[in-house]
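Worksheet: one structure, shown below.
Numbering (the UniProt record's numbering), first residue to last: 1 to 94.
Quick look at the structure:
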């Protein structure tokens, strides 16, 4: 779990989609948020991603990055969220 700067508690990684959030520690204690959180949507997302990675015979990937990417809605006119092709990274050479 990650406690974000605004008090929101999300699973797995900073910036994880708010649809999966446990809630805010400003509204209830962490233990209460955890007790009433429905993990089923996250479990379904994880199983779907795992099935795609196995189907495509992916040997190595950044699980947290893909789970986080899939937790947020795609922006209009953005590339698809293909779980096999990692996002391009800007590299600054010094």
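Ideal placement from N, C-alpha and C gives every residue a C-beta, glycine not left out.
None of the values given here were measured: they were computed from a predicted structure.
Once you ignore the five residues that flank residue 18 on each side, which residues in its own chain have a CB closer than 8 angstroms to its CB? 8, 10
I need the DSSP call for residue 8, collapsed to helix, strand or coil. strand
Beta-carbon spacing of residue 64, residue 22 below 8 angstroms: no
Suppose you measure from the CA of residue 42 to the CA of residue 50; what does that come to, to the nearest Å? 12 angstroms
From what residue to what residue does the alpha helix (DSSP H) around residue 64 run? 63-71
Given this structure, state the Cα-to-Cα distance separating residue 32 from residue 55, to the nearest angstrom. Residue 32 and residue 55 have their C-alpha atoms some 38 angstroms from each other.
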